[in-house]
Each structure stands twice: as C-alpha cells, then as structure tokens.
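First comes the structure, then the notes that go with it.
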Amino acid sequence: MDFKNYIAIVEDFPIKGISFKDITPLIGDKDAFRASIKEMAKVAEEFKPTIIVGPESRGFIFGCPLAYEMNLGFAPIRKPGKLPRKTVEKEYSLEYGTNKLAMHVDAVKKGDRVVIVDDLLATGGTIKAAIELIESLGAKVVGCVFLIELTDLKGRELFKDVPTASLINYPY
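Going by this note's numbering, the letters in the sequence shown line up with residues 31 to 202, in that order.
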C-alpha cells in the first residue's frame, strides 16, 4: 500500500513556509491505518523489543496499536506535569528555547529493549531526548520507527547508533 496516498499536504500550516503532513486521512481509513501498523510491526520485530514507547501525542496514536499488534506493553513519554506518579525528566534544546519530556520512573526497566514509535521524524531533537530519558532508566533503545521522515532535516543523524526506519519519506 502506498501510504503517501493517505497523507494530506497542507501548505503554510501552522505558519507560512511550513508544508504540514496531515496523518488524519491515514488514521481515518481503517485499511490504511491497519496496514501501517502491520508494516511498523514487521520493521519493529527485527529489533526484538520488549516494550514500545511513544512520545506525546501522536506517538500514542501509532505506539499503542503497535504494542497491541506485537503483544507488548506501551509506555508514554509526556510533557512534565501530565503523569501522576514519580517521573524523570529530560530537558532538550529547540531552535528557540528549550522543552522537557517526562516519563514514569518505572515505565521501562533495566534491560528492557525499547522501540520508540512516532508519526514524524523531523529535526530529531525530541527523539534524541527520549532516547536519553529511556536510557537513564537502564533500558536500551534498540530501534525507532516512524510513519513519516522529513529526510532533508537529517534528524536521524542525532542518534546514528540507533537503527531507524520510516514508512514514508519526504524531502521536507
């Protein structure tokens, strides 16, 4: 299945100059959504994960059904203040400032083999911070799987040692 047929390109959203890749047509089509999860599972199986992790919020959209498909658990990464129990946090740099990610301290365990799943890989800053957060808890990130990758932004270069796959590639 050509998943690009289910991505709507919205020019100048949210600001002028951005070419937004809208995944809602894909997740709204039962056959395309299911096929994308099955394809992600095929890729992720090669990494032999013990748990799937997804960053807020679109990582949840793909991570939860992927974990279900692979008969694995799912652990969320969220913004600080959104998780009810004890968390660890990781601050990371953005183009104009900083942001933070948080995860429950018991979300992954020492020795877990983690696959991170998200809808889009762009500059890679969020995923690099997620990898550092997960590994601070003693787990190992063994792979990353994305629906879309904006290849010209070279995000995967921030975490070259982690095998990374995407189902759809756009230059930008």
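Ideal Cβ placement from N, Cα and C applies to all residues, glycine included.
Inter-residue Cα distance where the pair is residue i and residue j
i	j	result
residue 140	residue 133	14 Å
residue 189	residue 59	32 Å
residue 136	residue 129	22 Å
residue 85	residue 156	8 Å
residue 93	residue 173	13 Å
residue 53	residue 196	14 Å
residue 25	residue 185	It is not possible to answer for residue 25, since the shown part of the chain is limited to 31 through 202.
residue 63	residue 74	16 Å
Beta bridge counterpart(s) of residue i as assigned by DSSP
i	result
residue 184	BP columns for residue 184 are empty, so no partner.
residue 200	180
residue 39	51
residue 130	121
Buried versus exposed call for residue i [16 or more other C-beta atoms within 10 Å across all chains shown]
i	result
residue 79	buried
residue 44	exposed
residue 205	As shown, the chain starts at 31 and ends at 202. That puts residue 205 outside it, with no answer to give.
residue 72	exposed
residue 110	exposed
residue 160	buried
Practice task
Report yes or no: do three or more beta-carbon pairs, one from the stretch 178-190 and one from the stretch 150-163, lie closer than 8 Å?
Solution key: yes
Problem - the stretch 88-100 / the stretch 114-134 touching (three or more Cβ pairs under 8 Å) - result: In short, these stretches do not touch, since the Cβ pair count stays below three.
Handout entry: Inside the stretch 137-188 only - beta strand (DSSP E) runs reaching at least 3 residues
Key = 143-151, 170-180
Exercise for the section: Counting only runs of 3+ residues fully inside the stretch 55-126, write out the beta strand (DSSP E) ranges in chain order. Expected result: 81-85, 103-107, 117-124
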